[in-house]
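Asker: I have a structure here, written as structure tokens, and I will follow up with some questions on it.
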Amino acid sequence: MKNKPHQIFSVQNKHANIGVATKMPDSAQLQFASASKSIPIYFFLFLNTFESYHFIKRFIYDQTMRMKIFNVEARRVSMEKNIVVRTINLEGSFNFRDLGGYETLSGKKVKTGVLYRSGNLQNITDKDIEKIKQTGLKTIFDLRGSDEVKNYPTPSLSGIITKHVPLIEIDRDMVRQPKDLAKYAESLQDPGTILEKLYREVTKNTKVYKDFFATLLTDPKSPLLFHCMAGKDRTGVMAALTLHTLDVPDEFIFADYLYTNNFLDALRANLQPEAAQVDQALMQAMLEARREYLQAFFDEVQTQFGSVDQYIHEAIGLSKSDVETLRASLLVE
1 MKNKPHQIFS
11 VQNKHANIGV
21 ATKMPDSAQL
31 QFASASKSIP
41 IYFFLFLNTF
51 ESYHFIKRFI
61 YDQTMRMKIF
71 NVEARRVSME
81 KNIVVRTINL
91 EGSFNFRDLG
101 GYETLSGKKV
111 KTGVLYRSGN
121 LQNITDKDIE
131 KIKQTGLKTI
141 FDLRGSDEVK
151 NYPTPSLSGI
161 ITKHVPLIEI
171 DRDMVRQPKD
181 LAKYAESLQD
191 PGTILEKLYR
201 EVTKNTKVYK
211 DFFATLLTDP
221 KSPLLFHCMA
231 GKDRTGVMAA
241 LTLHTLDVPD
251 EFIFADYLYT
261 NNFLDALRAN
271 LQPEAAQVDQ
281 ALMQAMLEAR
291 REYLQAFFDE
301 VQTQFGSVDQ
311 YIHEAIGLSK
321 SDVETLRASL
331 LVE
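According to full-length UniProt numbering, the stretch in the sequence shown is residues 1 to 333, in order.
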């Protein structure tokens, strides 16, 4: 069938450009037209109704996808300029942070003064204890192993309930902190692989995540702190899951995780004597928060469950109603 002429109208303010085409515009013409500053809006009127329908449908789809890509890029740039970190400086601990302030995909923000993350609290001072109490903290979720709790006990904090729920217990093949490297230094080869293995393994420990979210759901507005030794790996995973559940974009989740690298000097200062025997490349890999570590966790979740949302629903057991409750309680306009 011979193509009939297609009238193309473009309108901006009070002027209009009118053209006649003898064939359907191709994608290059669309891109040129869409990019033109003088003709931002197009109306396509075709004499052939069937062709008109499919052309307009494709055009709308193309423009929608282009706008999505533009919006994602704009959001990425915005995020890089607006990373929110609220650190509470303590004398005897480090990496103590408020998770509040991060913007969600819906435009809301995580409420401040409710969710906290930190490193080991063994050496906190009286001044630190006063600072911690000023946060109104009600519950501490200790993710450390039983041996770590025994060897590095947290001082008694009156009025605050401590729940010990180890995310990783003693395992001959698992490295939790720098001193563990000394026992396996001769057999360890690739520093990054060691940590990636740890992050893949902790996807299996769903009981801990269930306990954490159950505690959070009991009183979502009650200030809660979760921590491990360095406040990096186990704490980082818990923070990532929490922020994802609250609809925080991946860019912010990874930014929060990587912020731990600002405390590397404090981490080194708190190393145990055994760690001095470890190769420096291995030590650096253990101390640093690297994007590929947390990515290994998400990749494993994706492989096993299809998505993080499915993991949260199926493995951790949070219902749609649970997620809505958490968001209603922990997000603000």
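Beta carbons are placed, not taken as given, at the ideal position from N, Cα and C, and that holds for glycine.
Check the DSSP bridge columns for Glu-103 and list the partner residues they point to.
Answerer: Position 103 of the sequence shown, counted from the start, is the residue given in the question as residue 103. Glu-103 is bridged to Lys-109.
Asker: Closest to His-164 by CA distance: which of Leu-267, Leu-157, Val-149 is it?
Answerer: Within the sequence shown, residue 164 is the residue found at index 164, counting from 1. Minimum Cα distance to His-164 is reached at Val-149.
Asker: Go through its chain and collect everything with a Cβ distance to Lys-108's Cβ below 7 Å, but skip five positions before and after it.
Answerer: In the sequence shown, the residue the question calls residue 108 occupies position 108. The answer, listed in chain order, is Leu-331, Val-332, Glu-333.
Asker: Counting beta carbon pairs with one atom in the region 225 to 242 and one in the region 137 to 145, are three or more of them shorter than 8 Å?
Answerer: yes
Asker: Is there contact here, the region 149 to 160 with the region 241 to 252, by at least three beta-carbon pairs under 8 Å?
Answerer: no
Asker: Nearest-angstrom Cα distance between Thr-215 and Gly-192?
Answerer: Stepping through the sequence shown from its first residue, residue 215 is reached at position 215. Stepping through the sequence shown from its first residue, residue 192 is reached at position 192. Near 33 Å, if we compare the C-alpha coordinates of Gly-192 and Thr-215.
Asker: Assuming Ala-230 and Asn-95 are in contact, meaning their beta carbons sit under 8 Å apart, how far apart are those beta carbons, in whole angstroms?
Answerer: As a working note, residue 230 is residue 230 in the sequence shown. As a working note, residue 95 is residue 95 in the sequence shown. Between Asn-95 and Ala-230 the Cβ distance is about 7 Å, and since that is below 8 Å, they are a contact.
Asker: Would you say Arg-86 and Thr-104 are within 8 Å of each other, going by their C-beta atoms?
Answerer: The count along the sequence shown starts at 1 and reaches residue 86 at position 86. The count along the sequence shown starts at 1 and reaches residue 104 at position 104. Against a cut-off of 8 Å, the Cβ pair of Thr-104 and Arg-86 comes out as no contact.
Asker: Out of Leu-326, Ile-194, Pro-220, Pro-249, which has the shortest C-alpha to C-alpha gap to Asp-233?
Answerer: For the purposes of this step, residue 233 is identified with residue 233 of the sequence shown, where counting begins at 1. Nearest C-alpha to Asp-233: Ile-194.
Asker: Using 8 Å for Cβ pairs, my map puts Leu-99 next to Arg-117. What's the rounded Cβ distance?
Answerer: If you number the sequence shown from 1, residue 99 lands on position 99. If you number the sequence shown from 1, residue 117 lands on position 117. Confirmed, about 6 Å.
Asker: Below 8 Å between beta carbons: does that hold for residue 346 and Arg-327?
Answerer: There is no way to answer for residue 346, as the model of the chain reaches only from 1 to 333.
Asker: Give the secondary structure of Ser-222 by DSSP, where H, G and I count as helix, E and B as strand, and everything else as coil.
Answerer: If you number the sequence shown from 1, residue 222 lands on position 222. Coil.
Asker: By alpha-carbon positions, which one of Leu-258, Asn-151, Val-114 ends up nearest to Gln-134?
Answerer: Along the sequence shown, read from residue 1 onward, the residue named residue 134 stands at position 134. The candidate whose alpha carbon is nearest that of Gln-134 is Val-114.
Asker: Can you tell me whether Leu-326 is helix, strand or coil according to DSSP?
Answerer: Taking the first residue of the sequence shown as position 1, residue 326 is located at position 326. Three-state DSSP puts Leu-326 in a helix.
Asker: Closest to Phe-212 by CA distance: which of Met-283, Asp-322, Phe-305 is it?
Answerer: Residue mapping note: residue 212 aligns to position 212 of the sequence shown, counting from 1. That would be Asp-322, whose Cα lies nearest to the Cα of Phe-212.
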